[in-house]
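A.B. asks: Take this structure, written in structure tokens, and hold onto it; I'll ask about it next.
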Amino acid sequence: MHQLNDLDVAATLALLLPVAHLLLGASLAAGTAVLLVSLAIAALAAISPDGSRSIAVERRRRAWRSLLVALRRPDLPGRPQPRAPGFSPAGA
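Numbering (our numbering), first residue to last: 117 to 208.
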């Protein structure tokens, strides 16, 4: 499955500007243009000039990835361990 990168998002937002102008009229299109431009700037700011992702984006992705791994692993401290069927802990 194809995932959109930040340049695809910025290009899509830029292409939506004339559509917004036609559909919403000039007054609302001005506000929409400001919103679309700010979103495009934010998308482009995430990419460094050489085409690689910025350090902040990589840190954010790494933080989410480590959080997701921790949520998926039941063997981490503080998580209840799965028990075999018919097993009861001592004293129960």
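All residues carry an ideal CB built from backbone N, CA and C; glycine is no exception.
Hey, would you say Leu133 sits closer than 7 angstroms to Ala149, going by beta carbons?
C.D. replies: yes
A.B. asks: If you draw a straight line from the alpha carbon of Val135 to that of Gly141, how long is it in whole angstroms?
C.D. replies: 10 angstroms
A.B. asks: To the nearest angstrom, report how far apart Leu129 and Leu151 are at their CA atoms.
C.D. replies: 10 angstroms
A.B. asks: Would you mind working out which of Ser154, Leu160 and Leu138 sits nearest Asn121, comparing C-alpha positions?
C.D. replies: Leu160
A.B. asks: Could you tell me the distance, in whole angstroms, from the CA atom of Arg175 to the CA atom of Val153?
C.D. replies: 25 angstroms
A.B. asks: Can you give me the C-alpha to C-alpha distance between His137 and Ala179, rounded to a whole angstrom?
C.D. replies: 39 angstroms
A.B. asks: Is it buried or exposed for Ala172, if we count other Cβ within 10 angstroms and need 16 for buried?
C.D. replies: exposed
A.B. asks: Quick check: Ala146 and Ala126, are their CB atoms within less than 7 angstroms of each other?
C.D. replies: no
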